[in-house]
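Read the structure below first, then the notes.
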Amino acid sequence: MRAFVVAVFAFLYLPIALVVLFSFNAGHHASEFTGFSVQWYGKALSNPFLVEALKNSLFIATASALLAALCGTAAALGLQRIGARTRALFDALLGAAIVVPGVVIGISTLVALVQLFAVVNPFLASLWPSDQPPRLALGYGSIIAAHGLFSMALVTMIVGTRLGSLDRNLVEASSDLYATPLTTFRSIVLPQIMPAVTAGFLLAFTFSFDDFIIAFFVAGAQTTLPIYVFASIRRGVTPEINAIATIVLAASVLLVLLAQWQLGRRKPSP
Amino acid sequence: MTAVPDIEFRAVTKRYGTVTAVSGIDFAVPPSAFVALLGPSGCGKTTCLRMIGGFEQPSEGQVLIRGRDMAGTPPYRRPVNMVFQQYALFPHLDVEENISYGLRQARPRLTSREIASRVGGALETVQLAGYGRRKIHELSGGQQQRVALARALVNKPAVLLLDEPLAALDKKLRTDMQIELQNLQREIGITFVLVTHDQEEALSMSDFVCVMNGGRVVQLGQPSEIYDEPADLFVAAFVGKTNLLSGKVAGLSGDRVDVALADGTVIAARKRVPLGRDEAVSVSLRPESLSLSATGEGRLKGIVRNRIFLGSTAEYAIEVQGIGSLLAKADHVIGQGNLFKPGEPVAIGFAAGAPLAFPRPKNNGTNQREDQHVEILS
Numbered sequence: 001m002r003a004f005v006v007a008v009f010a011f012l013y014l015p016i017a018l019v020v021l022f023s024f025n026a027g028h029h030a031s032e033f034t035g036f037s038v039q040w041y042g043k044a045l046s047n048p049f050l051v052e053a054l055k056n057s058l059f060i061a062t063a064s065a066l067l068a069a070l071c072g073t074a075a076a077l078g079l080q081r082i083g084a085r086t087r088a089l090f091d092a093l094l095g096a097a098i099v100v101p102g103v104v105i106g107i108s109t110l111v112a113l114v115q116l117f118a119v120v121n122p123f124l125a126s127l128w129p130s131d132q133p134p135r136l137a138l139g140y141g142s143i144i145a146a147h148g149l150f151s152m153a154l155v156t157m158i159v160g161t162r163l164g165s166l167d168r169n170l171v172e173a174s175s176d177l178y179a180t181p182l183t184t185f186r187s188i189v190l191p192q193i194m195p196a197v198t199a200g201f202l203l204a205f206t207f208s209f210d211d212f213i214i215a216f217f218v219a220g221a222q223t224t225l226p227i228y229v230f231a232s233i234r235r236g237v238t239p240e241i242n243a244i245a246t247i248v249l250a251a252s253v254l255l256v257l258l259a260q261w262q263l264g265r266r267k268p269s270p
Numbered sequence: 001m002t003a004v005p006d007i008e009f010r011a012v013t014k015r016y017g018t019v020t021a022v023s024g025i026d027f028a029v030p031p032s033a034f035v036a037l038l039g040p041s042g043c044g045k046t047t048c049l050r051m052i053g054g055f056e057q058p059s060e061g062q063v064l065i066r067g068r069d070m071a072g073t074p075p076y077r078r079p080v081n082m083v084f085q086q087y088a089l090f091p092h093l094d095v096e097e098n099i100s101y102g103l104r105q106a107r108p109r110l111t112s113r114e115i116a117s118r119v120g121g122a123l124e125t126v127q128l129a130g131y132g133r134r135k136i137h138e139l140s141g142g143q144q145q146r147v148a149l150a151r152a153l154v155n156k157p158a159v160l161l162l163d164e165p166l167a168a169l170d171k172k173l174r175t176d177m178q179i180e181l182q183n184l185q186r187e188i189g190i191t192f193v194l195v196t197h198d199q200e201e202a203l204s205m206s207d208f209v210c211v212m213n214g215g216r217v218v219q220l221g222q223p224s225e226i227y228d229e230p231a232d233l234f235v236a237a238f239v240g241k242t243n244l245l246s247g248k249v250a251g252l253s254g255d256r257v258d259v260a261l262a263d264g265t266v267i268a269a270r271k272r273v274p275l276g277r278d279e280a281v282s283v284s285l286r287p288e289s290l291s292l293s294a295t296g297e298g299r300l301k302g303i304v305r306n307r308i309f310l311g312s313t314a315e316y317a318i319e320v321q322g323i324g325s326l327l328a329k330a331d332h333v334i335g336q337g338n339l340f341k342p343g344e345p346v347a348i349g350f351a352a353g354a355p356l357a358f359p360r361p362k363n364n365g366t367n368q369r370e371d372q373h374v375e376i377l378s
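If you read the protein sequences in the order shown, they are chains A and B.
Per UniProt numbering, the very first residue in the first sequence carries number 1; after that it's consecutive.
Per UniProt numbering, the very first residue in the second sequence carries number 1; after that it's consecutive.
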């Protein structure tokens, strides 16, 4: 039994450990370790295509996480006020949204966006006075929208859980102490749910930063870091790729840990 | 012209769906009084308090605060403050920020010096000077209770609402807080409305007790009135301990009735509601109104089964043939060996005005159990 567990963990983590190890390889080949060096990190970060992809990824992750945090929190707050039965339905739908495979989300978002563009673009063109009407197309916007949509379900769930454990008496006490609903939200509810919102933001960021499948479908001409890695792997695995992978891994682990820490903060007292 | 009452309920009914929590309540609370809303859980007392606070709106009728109809006025526009059952202190704010919360909402804004001085005063009032920078979770239950009190009082409300504020404290602390609350109320001179299911608390702290049952006000009066002249069987049984003896009306004369008890003994009782001949009644006899003697000079005779010696008093459970067990309470005088022992026969006497007869509720008066004495411990 113990050997089995060791085997499972080895299977899970050995490849990752190897990637990290080989990112510090002095040699040119991914298969033999010839000495310790950080040269591949330098190479990776001086590759303009890679830096461009990294910037894209950071921008998209930030934007989609912000969108998810805002909309997800608003949705969670709204769900507080509806009837129990409708709420159960929404909760089930949220859960479903999270387990839908990325391929399905990717392809359905792509289809939906293309259909939308087919309707909107001619309409925009008919309104525009000059010959060069703006055209909606796949790109930053579509990736941000697709990622934001998926992460929103995540944020709604996390913030909703926190709201559920929020003491209703606190809201009433604030109202009793002459605070308007807006003030109550700002000075009581928001501080209480902020750790959940932050955690949701961080998880959404991590998701978007790592995601390849959905981005691949809706990216159009844009390149995100995972897409760049995928493309360059076809030219062979170089230690440069290992270095990028290690950077992404470190960043992701850091963000997830940060999110966990946020969720654990100031748990409502029993 | 009488003064405008601080709180007035006019035919207030509150329904939740098909459930009626409060039905047709009318009462007025005189200014600067300490009022207790007393009743078992589910009697509607908390609903009444929440309607004063503005957290619930009456389905019918009006709630007036200092003569103003509060219909549609949200909690944050009402001149009342509440001490919540679990205190509901803001966990992310410290003691000072909690107490100043209400003051900081005032428009036009108060100066920070004014706020600081009032918070300091409030902290002193509740004997927590120097605790301003403490976090809420660093405080004991009793201290949190004081912060909740200070947070409400610092706003100088017209009425202070207290929702079972002492329920979470241990007995010693509770007694201390009872005295402190009474002193505070006298000092500040505003109306306190206390919700409690603890009849002892209600009797000991308040100027007026409003006894509620099944969504209605059963009796409103001073604590001694409630105890001595209960309006019905429920109040007699709920407020304080009493013995309930079942019997039948054997004779009527003015405000007196003769009641034939289960064993055939006929005793004279006062009545507070009209009774008919042969009507099934319960006679309430307070334990302390019974006097015990060994000599046989009494209306009822029994045998001591248990003795509970409490120092200043002693309580006896006395078995009376054909009636059941009666609880008697006797003062104990030091040096006077007047304690009865279990197994001893005693004669039970009582003053003429002590027994009170009430009509027995029809729905549960049929079984034999009713013939047993019912001892109510709240």
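Beta carbons are placed, not taken as given, at the ideal position from N, Cα and C, and that holds for glycine.
Computed from a predicted structure; not experimentally measured.
Item to check | Nearest candidate by alpha-carbon position, reference B/Ile348, set B/His332, B/Glu164, B/Gly302, B/Ala314 | outcome: B/Gly302
Checklist entry - Within the 9 Å Cβ cut-off, does A/Ala7 reach chain B? => result no
Checklist entry - Which residue or residues does DSSP assign as beta-bridge partners of B/Met82? => result B/Leu161
Checklist entry - Tell me the DSSP bridge mates of A/Phe217? => result DSSP, once it has assigned bridges, lists no residue as partnering A/Phe217.
Item to check | Sequence-distant residues of its chain with Cβ nearer than 7 Å to A/Phe217 (five each side left out) | outcome: Gly106, Ile107, Thr109, Leu110
Next on the checklist: Would you say A/Ser175 lies against chain B (beta-carbon separation less than 9 Å)?
Outcome noted: yes
Checklist entry - A/Pro181 lies in the beta strand (DSSP E); which residues open and close that run? => result Note, A/Pro181: premise wrong, no beta strand (DSSP E); alpha helix (DSSP H) at 181-184.
Checklist entry - Around the C-beta of A/Phe11, are 16 or more other C-beta atoms found within 10 angstroms, so that it is buried, or is it exposed? => result exposed
Checklist entry - Of all the beta strand (DSSP E) runs that stay within the bounds of the stretch 123-159 of chain B, which reach a length of 3 or more residues? => result none
Checklist entry - Of all Cβ atoms in chain B, is any one closer than 9 Å to the Cβ of A/Thr73? => result no
Checklist entry - Which two residues bound the contiguous alpha helix (DSSP H) that contains A/Ala204? => result 190-210
Next on the checklist: What does the Cβ neighbour count give for B/Pro108, buried or exposed, with the cut at 16 atoms within 10 Å?
Outcome noted: exposed
Next on the checklist: With the cut-off set at 9 Å, would you say residue 381 of chain B and B/Val83 are in Cβ contact?
Outcome noted: Because chain B here runs from 1 to 378, residue 381 of chain B falls outside it and cannot be looked at.
Checklist entry - Nearest-angstrom Cα distance between B/Glu225 and B/Val209? => result 9 Å
Item to check | Inter-stretch contact at 8 Å, needing at least 3 Cβ pairs: the stretch 205-221 of chain A / the stretch 161-178 of chain A | outcome: no
Next on the checklist: So, with DSSP's three-state summary, where would you put B/Cys210?
Outcome noted: strand
Checklist entry - Tell me which same chain residues have a C-beta within less than 6 Å of the C-beta of A/Ala245, skipping the five on either side of it? => result Val19
Checklist entry - Does A/Asn47 get closer than 9 Å to chain B when you measure Cβ to Cβ? => result no
Checklist entry - What number of angstroms, rounded off, separates the C-alpha of B/Gln127 from the C-alpha of B/Gly44? => result 33 Å
Item to check | Residues of the stretch 76-105 of chain B whose Cβ lies closer than 7 Å to any Cβ of chain A, in chain order | outcome: Tyr76, Asn81, Met82, Phe84, Gln86, Ala88, Phe90, Pro91, His92, Tyr101, Gly102, Gln105
Checklist entry - Which residues share a DSSP beta bridge with B/Tyr87? => result B/Phe84
Checklist entry - Can you list, in chain order, the residues of its chain whose CB lies under 8 Å from that of B/Val217, leaving out five sequence neighbours each side? => result Ile25, Asp26, Phe27, Cys210, Val211
Checklist entry - Residues of chain B with CB under 7 Å from A/Ile188, in chain order? => result Phe90
Item to check | Start-to-end residues for the alpha helix (DSSP H) that takes in B/Lys171 | outcome: 171-188
Checklist entry - For B/Arg151, which option in B/Thr175, B/Val346, B/Arg118, B/Arg113 has the closest C-alpha, if you only look at C-alpha atoms? => result B/Arg118
Item to check | Beta carbon proximity, A/Pro268 to chain B, threshold 9 Å | outcome: Because A/Pro268 carries a pLDDT of 45, less than 50, the predicted location of this residue cannot be relied on, and the following value inherits that uncertainty. Interface residue, yes.
Checklist entry - If you run the structure through DSSP and keep just helix, strand and coil, what is A/Lys43? => result helix
Checklist entry - Should B/Arg286 be labelled buried (16 or more other beta-carbon atoms within 10 Å of its own) or exposed? => result buried
Item to check | For B/Gly324, the first and last residue of its enclosing alpha helix (DSSP H) | outcome: Careful: B/Gly324 lies outside any alpha helix (DSSP H), inside the beta strand (DSSP E) at 324-331.
Checklist entry - Span of the alpha helix (DSSP H) holding B/Gln336? => result Segment: none, B/Gln336 is in no alpha helix (DSSP H) and carries neither H nor E.
Checklist entry - Which residues of chain A have a Cβ atom closer than 7 Å to the Cβ of B/Phe55, listed in chain order? => result Glu172
Checklist entry - Should B/Met1 be labelled buried (16 or more other beta-carbon atoms within 10 Å of its own) or exposed? => result The predicted model places B/Met1 with a pLDDT of 45, which falls under 50 and marks its position as unreliable, so this point remains unresolved.
Item to check | 9 Å Cβ cut-off: residues of chain A touching B/Pro74 | outcome: Ser175, Thr180, Pro181
Item to check | Exposure label - B/His101; buried when at least 16 CB within 10 Å | outcome: Inspection of the sequence shows that residue 101 of chain B is occupied by Tyr rather than by His. Burial call: buried.
Item to check | Residue from B/Asp176, B/Arg146, B/Glu288, B/Arg299 whose Cα sits closest to the Cα of residue 385 of chain B | outcome: In the structure displayed, chain B extends from 1 to 378; residue 385 of chain B sits before or after that span and is not available.
Next on the checklist: Considering Cα atoms alone, identify which of A/Leu177, A/Asp91, A/Pro129 is closest to B/Leu160.
Outcome noted: A/Leu177
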